[in-house]
């Protein structure tokens with residue numbers, strides 16, 4: 078939530094200042110890169126999230142430095158995202174007496190035409206190659222403009238190929254169980270809602286692909302609203318603890 082900060086530098090510090098990248102200098106560089114990205118794109122950043130790295134860096138030296146940073150073993154998706162997720166969860170907890178929606182969905186990152194990229198899984202009809210990215214966005218619904226708190230979780234994963242050639246994909250991202258399990262894993266990773274006396278309600282929102290898996294977690298998490306059509310909220314929704 079950029080509106081809570083006086084400038085993009087303080088926002089970047091809050092998001093990535095606590096990132097554990099194995100070297101304090103790397104943490105500073107990650108913050109500087111993100112700050113320069115925000116400064117370069119400014120108000121247009123939200124309108125152009127697909128800008129390439131060369132477009133947002135200032136010169137070839139900075140581009141090479143960025144590539145070196147991202148190629149470092151300690152600089153992982155999880156390490157860079159963890160501080161932001163923690164901040165989002167804390168912000169959600171601080172909205173006492175409010176309803177917070179945790180909206181989950183999966184998207185496909187299509188790298189079919191990037192022939193040099195290795196370790197990808199199949200997407201779409203099985204002919205394409207890419208990464209499945211399951212994200213959860215925390216939102217406080219309001220009558221006018223919903224308040225977007227940030228990502229409460231994000232899990233990349235891969236589908237294997239029909240020929241079961243697991244050697245083709247990155248093994249740690251390959252899902253060998255039911256793909257639907259990722260919905261429950263996301264709920265578990267977010268953790269428990271604030272105590273009932275705070276008046277807070279955390280609601281997991283998913284599509285019909287989540288209903289059978291999440292229904293098995295209701296007894297533990299006490300959540301959920303399932304819907305397949307636009308409709309008014311039902312009074313059978315339970316509080317997520």
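In our numbering, the protein residues as written are 78 to 318. No residue lacks a Cβ here, since even glycine has one placed at the ideal position from N, Cα and C. All of these numbers come straight from a predicted model, not from anything done at the bench.
Secondary structure at residue 254, three-state DSSP: helix, strand or coil? If you number the chain shown from 1, residue 254 lands on position 177. Of the three classes helix, strand and coil, the one that applies to residue 254 here is coil, per DSSP.
How far does the alpha helix (DSSP H) with residue 169 in it reach, from first residue to last? By 1-based counting over the chain shown, the position of residue 169 is 92. Segment 154–171, the alpha helix (DSSP H) holding residue 169.
Rounded to a whole number of angstroms, what is the C-alpha to C-alpha distance between residue 272 and residue 158? Here residue 272 corresponds to residue number 195 of the chain shown, with the count starting at 1. Here residue 158 corresponds to residue number 81 of the chain shown, with the count starting at 1. Approximately 26 angstroms between the Cα atoms of the pair.
Beta-carbon separation (whole angstroms), residue 211 vs residue 259, contact threshold 8 angstroms: If you number the chain shown from 1, residue 211 lands on position 134. If you number the chain shown from 1, residue 259 lands on position 182. About 5 angstroms separates the two Cβ atoms, so the contact holds.
If we count the other Cβ atoms within 10 Å of its Cβ and call it buried at 16 or more, is residue 261 buried or exposed? Along the chain shown, one-based indexing puts residue 261 at 184. By the neighbour-count rule (16 or more Cβ atoms within 10 Å), residue 261 is buried.
When 135, 176, 234, 169 are compared against residue 155, the one with the closest alpha-carbon: Within the chain shown, the letter at position 78 stands for residue 155. When each option's Cα is compared against that of residue 155, the closest is 234.
For the region 199–225, list the beta strand (DSSP E) runs that are entirely contained and at least 3 residues long, ordered along the chain. 205–217
DSSP puts residue 137 in a beta bridge; with which residues? Numbered from 1 along the chain shown, position 60 holds the residue referred to as residue 137. DSSP lists no partner for residue 137.
Which residues in the same chain have their Cβ closer than 6 angstroms to the Cβ of residue 236, if we skip the five residues on either side of it in sequence? Position 159 of the chain shown, counting from 1, holds the residue named residue 236. Closer than 6 angstroms at the Cβ level, and outside the excluded window around residue 236, lie 198, 199.
Report yes or no: do three or more beta-carbon pairs, one from the region 176–184 and one from the region 206–220, lie closer than 8 angstroms? yes
Does residue 113 come out as helix, strand or coil in the three-state DSSP assignment? In the chain shown, the residue the question calls residue 113 occupies position 36. For residue 113, the predicted structure reports a pLDDT of 48, less than 50, and the residue's modelled location is therefore unreliable. A value from the coordinates is still provided. DSSP places residue 113 in helix when its eight states are reduced to three.
Those residues which DSSP pairs with residue 231 across a bridge: On the chain shown, position 154 is the one that residue 231 refers to. 212, per the DSSP bridge assignment.
Nearest-angstrom Cα distance between residue 321 and residue 274? In the structure as shown, the chain begins at 78 and stops at 318. Residue 321 is therefore absent and cannot be evaluated.
Under 8 angstroms by Cβ, that's how I've got residue 189 and residue 205 pegged, so tell me the actual separation to the nearest angstrom. Here residue 189 refers to the residue found at position 112 of the chain shown. Here residue 205 refers to the residue found at position 128 of the chain shown. Their Cβ separation, rounded to whole angstroms, is 4 angstroms, which keeps residue 189 and residue 205 in contact under 8 angstroms.
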